[in-house]
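Okay, so here's the structure we're looking at.
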Ligand SMILES: [Zn+2]
Ligand SMILES: [Zn+2]
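Numbering (our numbering), first residue to last: 3 to 302.
This is the structure:
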């Protein structure tokens, strides 16, 4: 038995989700097993005295802080869920890898190239599963980052690092399910929204830029135009845009419109690209630039 909120196995109580009321209830539903939840003393007290609100449905347990409206934790459960299904999938991946190794010798030259490309992509995307684990651990962490800390400690990564990956997962892959009501746990997972493979693009966009999804899309465009576009170039693009925005705030603190205009103007997405031909191309490669009849300003 463990506390269903924080997972500890010490000092456990039984809590009635629908309250018994003063002096006990005659209503049988209140005493039914489905209405009883195992909680540790600390979590139990928070429910009764600390402003925590318990939301429980068939496949989702959520705790919301009534005072701030913020979600404290959530833990999903699926009726009849068999974890061996997931571990079997991993086994299959593992076995496929071994089997594939023994077949490499029979490929022709082009297929060798194709296989190498596929392997690289596979290897680069494996981190997404880890990010999903860290995000999940964070969702059920109460009293600080307890569950996340446990994973981080076991695998010798810093909690800060673990938080970054959890953040990346939340920002870029765990799309809110528009049809999800309170009782539905499953989030839409969309790993095809972005094509960049290395985690560093995501981490930099998530932790260093003001608008992570927009900046990641920007990096993706740049990378598609120029495969040599690097993470450090991406970083300096972000910092340059932020630095210029800060300068404008300093020089024109009372003029918010000028600020907004400058932000747009300084956006590196707009500046180095010409949209005249319909599709953004680097300004220097743009035909209208080559004609020599347009200034950079007209090009924007
Ligand atoms: Zn607890
Ligand atoms: Zn209680």
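For glycine and all other residues, C-beta sits at the position ideal for the given N, C-alpha and C.
On the three-state DSSP scale, how would you describe residue i?
{"i": "residue 159", "result": "coil"}
{"i": "residue 183", "result": "A caution first: residue 183 carries a pLDDT of 48, below 50, which makes its placement in the model too unreliable to give a value."}
{"i": "residue 95", "result": "helix"}
{"i": "residue 72", "result": "coil"}
{"i": "residue 198", "result": "coil"}
{"i": "residue 19", "result": "coil"}
{"i": "residue 265", "result": "Confidence is the limiting factor: at residue 265 the pLDDT is only 46, short of 50, which leaves the residue's position unreliable and the question unanswerable from this model."}
{"i": "residue 165", "result": "helix"}
{"i": "residue 14", "result": "strand"}
{"i": "residue 124", "result": "helix"}
{"i": "residue 221", "result": "helix"}
{"i": "residue 77", "result": "strand"}
{"i": "residue 233", "result": "helix"}
{"i": "residue 34", "result": "coil"}
{"i": "residue 240", "result": "helix"}
{"i": "residue 208", "result": "helix"}
{"i": "residue 226", "result": "helix"}
{"i": "residue 147", "result": "coil"}
{"i": "residue 109", "result": "coil"}
{"i": "residue 101", "result": "helix"}
Grab the span of the alpha helix (DSSP H) containing residue i for me, first residue to last.
{"i": "residue 67", "result": "Per DSSP, residue 67 belongs to no alpha helix (DSSP H); it is in the beta strand (DSSP E), 62-67."}
{"i": "residue 50", "result": "43-51"}
{"i": "residue 136", "result": "129-141"}
Taking residue i as the reference, which of the options has the closest Cα?
{"i": "residue 35", "options": "127, 16, 42", "result": "16"}
{"i": "residue 173", "options": "149, 217, 151, 160", "result": "217"}
{"i": "residue 6", "options": "68, 161, 222, 142", "result": "142"}
{"i": "residue 205", "options": "239, 232, 163, 238", "result": "163"}
{"i": "residue 221", "options": "231, 213, 84", "result": "231"}
{"i": "residue 77", "options": "175, 71, 66", "result": "66"}
{"i": "residue 8", "options": "75, 243, 219", "result": "75"}
{"i": "residue 240", "options": "176, 223, 214", "result": "214"}
{"i": "residue 14", "options": "43, 115, 96", "result": "43"}
{"i": "residue 160", "options": "144, 176, 136", "result": "136"}
{"i": "residue 12", "options": "45, 64, 71", "result": "45"}
{"i": "residue 69", "options": "171, 55, 113", "result": "55"}
{"i": "residue 195", "options": "176, 212, 210", "result": "176"}
For residue i, report the span of its beta strand (DSSP E) as first-last.
{"i": "residue 56", "result": "54-58"}
Segment contact flag, the region 158-173 with the region 124-135, C-beta cutoff 8 Å, min 3 pairs: yes
- prompt: Quick check: the region 193-202 against the region 122-129, are there 3 or more CB pairs under 8 Å?
  reply: yes
field: Three CB pairs or more closer than 8 Å across the region 148-161 and the region 89-100
entry: no
- prompt: Are at least three pairs of beta-carbons, each pair with one atom in the region 49-67 and one in the region 116-123, less than 8 Å apart?
  reply: Too few Cβ pairs lie closer than 8 Å, so no.
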